[in-house]
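Remarks on the structure that follows.
Structure representation (structure tokens):
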């Protein structure tokens with residue numbers, strides 16, 4: 835399913851829709867299901883930082899690192 839979706843999206847929108855990237859996006863929506871959080875994260879952090887932080891299992895620990903990145907102004 836992901837492979838098929840990857841092909842369709844790549845045909846329609848060019849690069850950036852590989853299976854690995856789609857897995858990142860799916861995991862992201864599981865970890866951050868609320869759209870308000872997504873807007874806040876993208877305003878504060880780069881996709882690189884978000885991708886690293888979203889694999890931290892404990893929410894409190896993840897929130898701590900988000901705040902530390904924000905405090906250090908990592909974009």
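Residue numbers (the numbering used here): 835 to 909.
The beta carbon of each residue, even a glycine, is placed where N, CA and C say it ideally should be.
Per-residue burial, residue 887 [other beta carbons within 10 Å of its own, 16 or more giving buried]: Within the chain shown, the letter at position 53 stands for residue 887. Residue 887 is buried by the Cβ-count criterion.
Between the alpha carbons of residue 846 and residue 835, how many angstroms are there, rounded? Here residue 846 refers to the residue found at position 12 when the chain shown is read from its first residue. Here residue 835 refers to the residue found at position 1 when the chain shown is read from its first residue. Those two C-alpha atoms are separated by around 17 Å.
Cα-Cα separation between residue 902 and residue 864, rounded to whole angstroms: By 1-based counting over the chain shown, the position of residue 902 is 68. By 1-based counting over the chain shown, the position of residue 864 is 30. The straight-line gap from Cα to Cα measures roughly 22 Å.
Span of the alpha helix (DSSP H) around residue 855: Position 21 of the chain shown, counted from the start, is the residue given in the question as residue 855. Looking at the DSSP string, the run of the alpha helix (DSSP H) that includes residue 855 is 853 to 865.
Mind checking which residues open and close the alpha helix (DSSP H) that includes residue 906? If you number the chain shown from 1, residue 906 lands on position 72. It is not in any alpha helix (DSSP H) - residue 906 carries neither H nor E in the DSSP assignment.
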